[in-house]
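In this text, residue positions in the sequence shown follow the UniProt record's numbering: the first is 1, and each later residue adds one. Yeah, the Cβ is synthetic: ideal placement off N, Cα and C, and Gly gets one too. All of these numbers come straight from a predicted model, not from anything done at the bench. Worksheet: the structure to be examined is printed underneath.
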Amino acid sequence: MYDPAQLRTFLAVSQTLSFTQAADRLGVRQSTVSQQVRKLEAAVGRQLFARDTHGVELTEDGEAMLGFARSILEANERAASWFRGTRLRGRLRFGASEDFVVTRLPEILEGFRRDHPEVDLELTVELSGTLHERLEAGKLDLVLAKRSEDRPGGQLVWRDRLVWIGAERLRLDPDRPLPLIVFPPPGLTRARALDVLERHGRSWRIVCTSGSLNGLVAAARAGLGVMAHTHGLIPPGLAPVPERAGLPDLGPVDFVLLYGKRRQDGVSHAAAERLAAAILAGPVPRSERFRAEDRYI
């Protein structure tokens with residue numbers, strides 16, 4: 001028997017690759033996180049994390065435990081819901097950024113609909129900036145989006161890095177303005193890309209604007225230019241621009257969960273908490289460009 005609290009702690013550390021960030025997510029002390037991980041490792045008789053001064057990584061046994069932990073927690077939740085005799089009913093308005101929707105979200109939503117068939121789930125796919133605005137206007141109950149610099153709140157799901165990507169055959173002329181493929185305002189990656197280029201004195205020109213990720217990806221695959229994108233979610237057919245191109249670093253990006261205003265029926269908030277728990281327990285992208293200092297920001 002494995003302690004569910006220890007399994008939740010294990011999943012939090014595996015997703016953030018940081019004991020500090022896992023503690024912040026769970027609302028406990030870092031020493032508590034370390035203690036629960038040690039107890040779980042003692043229970044399984046294997047080391048689940050490789051820890052050194054450079055960071056935290058899952059071991060081979062840790063990777064195997066990911067699937068077991070999710071299955072155990074899902075089964076535990078289904079059993080608890082059954083014997084509580086409560087079934088969630090009502091409407092949940094959920095907003096998510098498109099880059100996550102087209103990659104990792106479908107399997108999470110499928111599991112949520114299976115466990116809570118009487119919840120009327122309304123999915124809104126939009127730019128992160130637009131999702132923040134709709135949440136503040138009371139039009140959404142839960143949002144999974146990039147963290148905005150002027151809206152620093154939210155529950156951290158995972159941290160990655162923004163990188164420049166383009167077609168592998170793309171060649172950039174350092175003496176000409178950088179050809180950019182961007183979302184329209186209020187896209188957060190657009191704002192970050194333009195700000196970074198301005199601060200580094202690199203000239204640029206916009207060659208494609210689209211509110212659809214598929215449109216941007218098509219333009220990038222055609223070799224029209226480069227786009228800023230989350231490293232762990234790079235679409236097929238595109239690759240990071242080599243460092244020799246001399247483009248400025250775009251920095252880290254956080255994906256966070258944010259709750260909307262609590263409605264009178266209370267059902268939407270309860271459903272939002274269940275879906276948030278499924279997202280936090282589910283698989284997240286892994287970036288190969290993590291730097292040790294980023295894991296402890």
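query, result
"From residue 11 to residue 138, what does the alpha carbon distance come to, in whole angstroms?", "31 Å"
"Please name the residue, chosen from 26, 176, 281, that lies closest to residue 247 on a Cα-to-Cα basis.", "176"
"Within 10 angstroms of the Cβ of residue 21, are there 16 or more other Cβ atoms? Answer buried if so, exposed if not.", "buried"
"Would you check if there are 3 or more beta carbon pairs closer than 8 Å linking the segment 113-124 to the segment 215-229?", "no"
"Closer than 6 Å by C-beta to residue 208: which residues in its own chain qualify, once you throw out the five before and the five after it? Chain order, please.", "181, 219, 224"
"Considering only C-alpha positions, which residue in the set 229, 148, 132 is nearest to residue 161?", "229"
"So, helix, strand or coil for residue 78, using DSSP?", "helix"
"Residue 242 to residue 170, Cα distance in whole Å?", "10 Å"
"Would you call the segment 88-99 and the segment 14-34 in contact, with 3 or more CB pairs under 8 Å?", "no"
"Pull up the DSSP beta-bridge partners for residue 227, would you.", "165"
"Pick helix, strand or coil for residue 148, following the three-state DSSP scheme.", "strand"
"With C-beta atoms as the reference, is residue 188 less than 8 Å away from residue 146?", "yes"
"Residues in the same chain with beta-carbon distance under 6 Å from residue 299, minus the five sequence neighbours each way, listed in chain order, please.", "The question about residue 299 has no answer here: the residues shown for the chain are numbered 1 through 297."
"Could you give the distance in angstroms between the alpha-carbon of residue 164 and the alpha-carbon of residue 174?", "15 Å"
"Excluding sequence positions up to five away, which residues of its chain have a Cβ less than 8 Å from the Cβ of residue 43?", "2, 3, 6"
"Just checking my contact of residue 256 with residue 157 at CB under 8 Å: how many whole Å lie between their CB atoms?", "6 Å"
"Are the CB atoms of residue 270 and residue 108 nearer to each other than 8 Å?", "no"
"So, are the CB atoms of residue 129 and residue 179 less than 8 Å apart?", "no"
"Can you say whether residue 53 is buried or exposed, counting buried as having 16 or more other CB atoms within 10 angstroms of its CB?", "exposed"
"Measuring CA to CA, which of 275, 280, 282 is closest to residue 121?", "275"
"Could you tell me if residue 240 is buried or exposed, where buried requires 16 or more neighbouring beta carbons within 10 angstroms of its beta carbon?", "buried"
"Please return the same chain residues whose Cβ sits closer than 8 Å to the Cβ of residue 73, not counting the five positions on each side in sequence.", "4, 7, 8, 11, 281"
"Buried or exposed for residue 19, please, with buried defined as at least 16 other CB atoms from any protein chain shown within 10 angstroms of its CB.", "buried"
"By alpha-carbon positions, which one of 62, 235, 184, 252 ends up nearest to residue 101?", "235"
"Could you tell me the alpha carbon to alpha carbon distance between residue 172 and residue 244, rounded to whole angstroms?", "10 Å"
"Spatial neighbours of residue 29 within its chain, please: CB distance less than 7 Å, with the 5 preceding and 5 following residues excluded, ordered by chain position.", "23"
"Out of 69, 48, 65, which has the shortest C-alpha to C-alpha gap to residue 59?", "48"
"With DSSP run on the structure shown, which of helix, strand or coil describes residue 101?", "helix"
"Counting only runs of 4+ residues fully inside the segment 194-281, write out the alpha helix (DSSP H) ranges in chain order.", "213-221, 267-281"
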